[in-house]
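Going by full-length UniProt numbering, the sequence shown opens with residue 1, and the numbers climb by one from there. Here a beta-carbon is modelled for each residue, glycine too, at the ideal position from N, C-alpha and C. Keep in mind it's a predicted model, so treat the numbers as computed, not measured. One structure below.
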Amino acid sequence: MEQSDCYYLGFDLGTQQLKCVLTDSNLAVRHVVAINYDLALPMFRTSGGVHINGDEVTAPVLMWIKALELALDDLKHSNFDLSKVIALSGAAQQHGSVYWKPGAEEALANLNSNSSLADQLKDCFATSDSPVWMDNSTQEECNELEAAVGGALSLAKLTGSAAHLRFTGPQLLKKCRKETAIYNATERISLVSSFLCSLFLGRYAPIDFSDGSGMNLLNLKTHTWAAECLKVFPADLCEKLGPCVPSTDCLDSISPYFVKRYGFSSKCRVVVFTGDNPCMNFTYCYYFYFQAARFGFIEGWASLAGLNQRPSDLSISLGTSDTVFVWMNNAIPISNGHIFCNPVDPSMYMGLLCFRNGDCTRKQARRRLCGGNATWSQFEHLVDSSPPGNCGVFYEYEEIGSKVLPQYILVNADGCRVPFFEKQIEARAVVEHQCLAKRLSSYKTGMRSKMERILVTGGASNSEIILQTLSDVFNLPVYRKDVAHSAALGGAVRAKHALVMLEYGSFVPLDFESSPGKLVAEPRQSVVEIYEEMIIKYADFVERLESASCSDLL
């Protein structure tokens, strides 16, 4: 088959829906399928794709399988020849876990193409409900896991993150301690990503390095399960988890079930699946080349979408919560974020900085300062009516990695707390606080001297005020590119990348040729100077706020 006459397929098993993206050989999107669990599968009675029972949040495994079948049925009845799909991969919500019973792998290997996946696999799971990333029921287990390795910082140095309620490690410890029957009835434990990959392989799929590093269990440097963490678990956990593999591995050909039932080619390759954040980070609006100088070739690829950045870029997603992605040479622990094995380059790391107070805080400020029915443009006008240089801390919720309780704190030019700002000053202070917080946190990763530009996406990336403030605070140009289906598209991109590496027999580095989107803001040097002075005062105030009671700051 000619390379120009083929398709790539990417999947994203998200919290609320499953997406599937079919691309041509140039990675241009040809078809998209989206299956909303609540709407398409009401028999599972989920809300937002999950079941909530107090702090416990789960999702039905069979719902995910049925959603996949609906997506594949859509593809089958489209006008695209699925025998031309030469590789597929995908992503899934991170941290969730699936528990396979003994005999499940045999069932996967002997699927009857005349019957549905759901009917044949319904009895293959030790529990029908998988804990997902929204679960908050494992504080006791988080404490135990951190204590076992010498504290939160030690765990972060070892695995990339301090213990988090939603992470897989604490969830597994809960299964061992409080749901022993489920754990004992389990032969293999998958992440949601490796679970989905297993369906296509017809056998248990390995966990990849990148998604595995979101478990609080994987040693970031050796890419093996951390012995220091495993000592609090039963001795057979390592066997139940199975091996970890590079995020670029091309595993095997697709299961015969999909060849017979949906018309895939028996030569279609399955590339290891990963988590949605790493997969989104794989692609972000670039024309880039896969380049291997020792083989003397450069293969140009088409315009890509998602969140793939070059090492000197800072990617920021401005959404319900704000997320900053950075490439890292070394695994330096991040207080308000996580470090993952890089899904693009196995010798590098990916820092993910999480800011819980994102759009929720911006919206509350708009309502509070402009009125309940105010538009965003009215809020921007209010911000624009105040000069740069207003300091404050605005937490609608307790921030990730912070000990500061939810509150609004206004600070004058001397770094002292004050009770009141005029509305326009407070409005700008909210925006400036969020931008300064991102700069302060990202610089702690060691990226300061290497950053060349900022790439933004998400709903708030349409705000000129926010983008200009980001540009001035970081002293970097800001580019915006809106991309749909980024995690699913990242799966298709990863599928093609893996085939290129398979062809040349070794890792093929990415040499990016930039086309990052539209230039939307450039730093104004007069304002940059203001923020260069302001960041020092801001950092000092935040440090004092973290270490002292509020009364010490009055």
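query, result
"In three-state terms, what does DSSP make of residue 92?", "strand"
"Would you mind sorting residue 298 into buried or exposed? The rule is 16 or more other CB atoms within 10 Å of its CB.", "Residue placement at residue 298 is poorly supported in this model, since its pLDDT is 25, which falls under 50; the coordinates are not used for a value here."
"With a 10 Å radius around its C-beta and 16 neighbouring C-beta atoms as the bar for buried, classify residue 77 as buried or exposed.", "exposed"
"On the DSSP letters alone, give me the boundaries of the alpha helix (DSSP H) that residue 15 sits inside.", "No alpha helix (DSSP H) contains residue 15, which DSSP labels as neither H nor E."
"The beta strand (DSSP E) that contains residue 392, what's its start and end?", "391-395"
"Throw me the rounded Cβ distance for the residue 40 and residue 70 pair, which I believe falls under 8 Å.", "6 Å"
"Give, in chain order, every unbroken run of the beta strand (DSSP E) that is at least 3 residues long and sits entirely within the UniProt domain \"Carbohydrate kinase FGGY N-terminal\" (132-279).", "188-191, 250-253 and 269-271"
"Given a threshold of 16 other Cβ atoms within 10 Å of its Cβ, counted over all protein chains shown, does residue 416 qualify as buried or as exposed?", "exposed"
"Rounded to a whole number of angstroms, what is the C-alpha to C-alpha distance between residue 555 and residue 538?", "No answer is possible for residue 555: it lies beyond the span of the chain, which begins at 1 and ends at 554."
"What does a CB cutoff of less than 8 Å around residue 221 pick up in its chain, not counting 5 residues either side in sequence?", "331"
"Is the segment 541-548 touching the segment 478-497 in the sense that three or more CB pairs, one from each, lie closer than 8 Å?", "no"
"Would you list, in sequence order, the uninterrupted alpha helix (DSSP H) runs of no fewer than 4 residues that lie entirely inside the segment 411-477?", "423-443 and 464-474"
"My output table needs one value for residue 323: the three-state DSSP class, helix, strand or coil.", "strand"
"Would you call the CB atoms of residue 558 and residue 226 closer than 9 Å?", "In the structure as shown, the chain starts at 1 and stops at 554, and residue 558 therefore has no counterpart that could be examined."
"Below 6 Å CB to CB, which residues in the same chain sit around residue 429 once its five sequence neighbours on both sides are set aside?", "390 and 392"
"Are three or more beta carbon pairs between the segment 252-259 and the segment 104-114 nearer than 8 Å?", "yes"
"Identify whether residue 354 lies in helix, strand or coil by the three-state DSSP scheme.", "strand"
"Going by C-alpha distance, which of 134, 529, 322 and 64 is nearest residue 195?", "64"
"Taking 9 Å as the cut-off, decide whether the C-beta atoms of residue 275 and residue 355 are in contact.", "no"
"To which residues of the same chain is residue 527 closer than 6 Å at the C-beta, ignoring the five residues directly before and after it?", "388 and 472"
"Out of 34, 507, 167 and 50, point me to the one whose CA is closest to residue 345's CA.", "507"
"Per DSSP, what kind of secondary structure is residue 480 in: helix, strand or coil?", "strand"
"Would residue 491 and residue 12 qualify as a contact pair, given that the criterion is a beta-carbon distance under 9 Å?", "yes"
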